[in-house]
Amino acid sequence: MSNPSLLILAGDGIGPEVMTEVKRVIEWFGTKRDLAFDVEEDLVGGAAYDKHGTPLHDDTMAKALKVDAVLLGAVGGPKYDALDFSVKPERGLLRLRKEMDLFSNLRPAQCFDALADFSSLKKDIVAGLDIMIVRELTSGVYFGEPRGIFEEGNERVGINTQRYTESEIDRVARSAFELARRRGNKVCSMEKANVMESGILWREVVQKVRDTDYPDVELSHMYADNGAMQLVRAPKQFDVIVTDNLFGDILSDCAAMLTGSLGMLPSASLGAPNADGRPKALYEPVHGSAPDIAGQGKANPIACILSFAMALRYSFDQGDEAARLEAAIEKVLADGVRTADLLGEEGVTPVSTTGMGDAILAALDASL
Ligand code: NAD
Ligand code: IPM
Ligand code: MN
Numbered sequence: 058m059s060n061p062s063l064l065i066l067a068g069d070g071i072g073p074e075v076m077t078e079v080k081r082v083i084e085w086f087g088t089k090r091d092l093a094f095d096v097e098e099d100l101v102g103g104a105a106y107d108k109h110g111t112p113l114h115d116d117t118m119a120k121a122l123k124v125d126a127v128l129l130g131a132v133g134g135p136k137y138d139a140l141d142f143s144v145k146p147e148r149g150l151l152r153l154r155k156e157m158d159l160f161s162n163l164r165p166a167q168c169f170d171a172l173a174d175f176s177s178l179k180k181d182i183v184a185g186l187d188i189m190i191v192r193e194l195t196s197g198v199y200f201g202e203p204r205g206i207f208e209e210g211n212e213r214v215g216i217n218t219q220r221y222t223e224s225e226i227d228r229v230a231r232s233a234f235e236l237a238r239r240r241g242n243k244v245c246s247m248e249k250a251n252v253m254e255s256g257i258l259w260r261e262v263v264q265k266v267r268d269t270d271y272p273d274v275e276l277s278h279m280y281a282d283n284g285a286m287q288l289v290r291a292p293k294q295f296d297v298i299v300t301d302n303l304f305g306d307i308l309s310d311c312a313a314m315l316t317g318s319l320g321m322l323p324s325a326s327l328g329a330p331n332a333d334g335r336p337k338a339l340y341e342p343v344h345g346s347a348p349d350i351a352g353q354g355k356a357n358p359i360a361c362i363l364s365f366a367m368a369l370r371y372s373f374d375q376g377d378e379a380a381r382l383e384a385a386i387e388k389v390l391a392d393g394v395r396t397a398d399l400l401g402e403e404g405v406t407p408v409s410t411t412g413m414g415d416a417i418l419a420a421l422d423a424s425l
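Going left to right, the sequence shown walks through residues 58 to 425 as the numbering used here numbers them.
If you want it as structure tokens, here you go:
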């Protein structure tokens, strides 16, 4: 049988830096755990624009649709800010999500014990935190029509449209309820049904899916603005949060700080299962290309490495190996190894991106 296939799209800024460490981890699993992958690399974002004049070449799109999973670093950066909207680096990522139909974006926020002191919130608020944000990823205001900048009278108007069909809400709600059953059995759905029709429909459909097919799962509804407040007031009240594309983007960055750093948050973007029962999937850190620290060896590679752990679990049925990798990261943090974003404690010297990779590989070796 051939090895499972991975397409690596490292992207821009710190993307290639953190992905270098992920590639070392992938090699480790190949040599030490007999879990080899066929890895192919390609360009996305600004890097693809520089070579092809487009942030995602059609050939790359075709490869992404064929492989078992895609790993992505990050896209974007100031060099590309002035480009025409249609070729901005971010359009490459959005095309991947849309054409792979990755409607369910899992963004887990877990607070490792060793970092509980480091969060910007008080330790007892975040210690032991383990929540999962399920963000709808292929619709809503990111994709709704009409959109654009138009002339209207003697001025211009910028338009984006929040749009959700019942089936789009239904399928992401199901993925949240399925996940909840394997966790704390609780879902909180967030929208703004008080001011948006799409929010009213969202609430109705989520409730109907629950009542019809998941009566065993506890469901609550919350306005997204209150949800943002509750996430920093008492985040442990949540198990699974399901929300739309834009609210999910914002709420997940907010949840990142509960874990100590945006450099800690992985994600899995999943579509419907293929014929072999495996979902189409793309794994990427929640953070961006971090232009302020790019090229300095300062980036924390953990979010990207944890994204590979999610790939092991959700695409390759290797939950034990994913747990091995997560435990190695937990051990390294418990030993006090920190990249610069995780500092704050007196007397701790930061390690570089590579130094963090070295420590994680050593902890993996020690796990054998
Ligand atoms: P960002 O996530 O790149 O950075 C926000 C802050 O967090 C910065 O101070 C950065 O240094 C820090 N940070 C992020 N990741 C880190 C890591 N791994 N280690 C240490 N520190 C880290 O967000 P931004 O600055 O708003 O956006 C920069 C660019 O990235 C933009 O072009 C944006 O569109 C893009 N972006 C891409 C993605 C993606 O590819 N998925 C996600 C978010 C933003
Ligand atoms: C994210 C990013 C993306 C988004 C951008 C880069 C397209 O912020 O993945 O969180 O807005 O979805
Ligand atoms: Mn974001």
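For every residue, glycine included, the Cβ atom is placed at its ideal position computed from N, Cα and C.
Model, not experiment: these values are computed from the prediction.
Is the CB-CB distance between Leu197 and Gln219 below 8 angstroms? The residue you asked about is not Leu; residue 197 is Gly in the sequence shown. Their beta carbons are under 8 angstroms apart, which means Gly197 touches Gln219 by this criterion.
Gln353: buried (16+ other C-beta within 10 angstroms of its C-beta) or exposed? exposed
I'd like to know whether the C-beta of Asp349 is nearer than 8 angstroms to at least one C-beta of chain D. Although the question refers to chain D, the structure presented lacks it and comprises just one protein chain.
If I'm right that Thr396 touches Lys355 with Cβ under 8 angstroms, what's the distance once you round it to whole angstroms? 7 angstroms
Would you kindly check if the distance between the Cβ of Met321 and the Cβ of Pro358 is under 8 angstroms? no
What I want to know is whether the C-beta of Asp296 ends up closer than 7 angstroms to one or more non-hydrogen atoms of the ligand MN. no
Taking the beta carbon of Ile216 as the centre, do at least 16 other beta carbons fall within 10 Å, making it buried, or is it exposed? exposed
According to DSSP, is Met58 part of a helix, a strand, or is it coil? coil
Among residues of its own chain, excluding the 5 on either side of Leu236, which ones have a beta-carbon nearer than 8 angstroms to its beta-carbon? Leu163, Met189, Val191, Val297
Just to check, is the beta-carbon of Asp306 closer than 7 angstroms to a non-hydrogen atom of the ligand MN? yes
How would you label Thr195, buried or exposed, when you count the other beta carbons within 10 angstroms and need 16 or more for buried? buried
Pick from Asp268, Asn283, Val79 that is closest to Lys249, judged by C-alpha positions: Asn283
Within 10 angstroms of the Cβ of Phe175, are there 16 or more other Cβ atoms? Answer buried if so, exposed if not. buried
Distance between Arg148 and Ile206 (C-alpha atoms, nearest Å): 17 angstroms
Reducing DSSP to helix, strand and coil, say where Asp125 ends up. coil
With a threshold of 16 other CB atoms inside 10 Å of the CB of Thr406, please say whether the residue is buried or exposed. exposed
Measuring only the C-alpha atoms, how far is Asp107 from Met279? 44 angstroms
Determine the contact status of Ala419 and Val408, defining contact as a CB-CB distance below 8 angstroms. Cβ atoms of Ala419 and Val408: not closer than 8 angstroms.
Are Val343 and Asp310 closer than 8 angstroms when you measure CB to CB? Taking a C-beta distance under 8 angstroms as the contact criterion, Val343 and Asp310 qualify as a contact pair.
For the beta strand (DSSP E) that Ala98 lies in, which residues bound it at each end? The question names Ala, but residue 98 in the sequence shown is Glu. Its beta strand (DSSP E) spans residues 95-99.
Within 10 angstroms of its Cβ, does Glu193 collect 16 or more other Cβ (buried), or is it exposed? buried
Distance, Cα to Cα, Asp333 vs Glu208? 49 angstroms
Determine the closest residue to Ala119 out of Leu100, Ser346, Ala233, with distance taken between C-alpha atoms. Leu100
Euclidean distance between Cα positions of Arg152 and Ser326: CA-CA distance, Arg152 to Ser326, rounds to 13 angstroms.
Local conformation of Asp398 per DSSP, three classes: DSSP places Asp398 in helix when its eight states are reduced to three.
Got a sec, what are the start and stop residues for the beta strand (DSSP E) Ala338 sits in? Looking at the DSSP string, the run of the beta strand (DSSP E) that includes Ala338 is 336-340.
Would Ala104 pass as a contact of Asp69 if the rule is Cβ separation under 8 angstroms? yes
Report whether the distance from the Cβ of Asp349 to the nearest heavy atom of the ligand MN is below 7 angstroms. Asp349 Cβ: outside cutoff for every heavy atom of the ligand MN.
How is Gly133 classed by DSSP in three states: helix, strand or coil? coil
How far does the alpha helix (DSSP H) with Tyr199 in it extend, from its first residue to its last? Looking at the DSSP string, Tyr199 is not in any alpha helix (DSSP H), and its letter there is neither H nor E.
Please classify Arg164: does DSSP put it in a helix, a strand, or coil? Looking at Arg164 - three-state DSSP - the assignment turns out to be strand.
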